[in-house]
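Here the numbering used here is used: the first residue of the sequence shown is 20, the next is one more, and so on.
Each residue gets a CB set at the ideal place from its N, CA and C atoms; glycine is no exception.
Keep in mind the model is a prediction, meaning the values are calculated, not measured.
Written below as structure tokens is the structure these notes are about.
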Amino acid sequence: MSANRNVLPMGCPPRGLSRVEGAAYIGVGVSKFDEMVADGRMPPPRPIDRRLVWDRLELDAAFSDLPHVEEDNPWDQVA
């Protein structure tokens, strides 16, 4: 994280995240994060001058839209 993050009050997460921070935020590695951005499962970054920054709230929304693992339904076996 950037040294500028130290100016935020404790408990106030940054809104903009770097690529590495965005990947860590959703719990995946950087290459998987890149893949998810490329295929649309995660949002694209926002350019701020030469930096690319991911919006934490957009990551939250995209993460919430990911499917859950489907559990076996015993009724699927009933003919």
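What does DSSP give as the partner residue(s) for W73 in the beta ladder?
Looking up residue 73 in the sequence shown gives position 54. Bridge partners of W73: L36.
Is DSSP giving P93 helix, strand or coil here?
As a first step, residue 93 is located in the sequence shown; it is residue number 74 there, counting from the start. It is helical.
Check whether the Cβ atoms of L78 and I45 lie closer than 8 Å to each other.
Within the sequence shown, the letter at position 59 stands for residue 78. Within the sequence shown, the letter at position 26 stands for residue 45. In this structure, I45 lies closer than 8 Å to L78 by Cβ.
Between R60 and L76, is the Cβ-Cβ spacing less than 8 Å?
Start at 1 with the first residue of the sequence shown, and residue 60 comes out as number 41. Start at 1 with the first residue of the sequence shown, and residue 76 comes out as number 57. Contact: no.
Taking C-beta to C-beta, are W73 and L27 nearer than 8 Å?
Within the sequence shown, the letter at position 54 stands for residue 73. Within the sequence shown, the letter at position 8 stands for residue 27. No, the pair does not count as a contact, with Cβ atoms beyond the cut-off.
Would V39 and V47 be called neighbours here (beta carbons separated by less than 8 Å)?
Here residue 39 is taken as the residue at index 20 of the sequence shown, counted from 1. Here residue 47 is taken as the residue at index 28 of the sequence shown, counted from 1. No, the pair does not count as a contact, with Cβ atoms beyond the cut-off.
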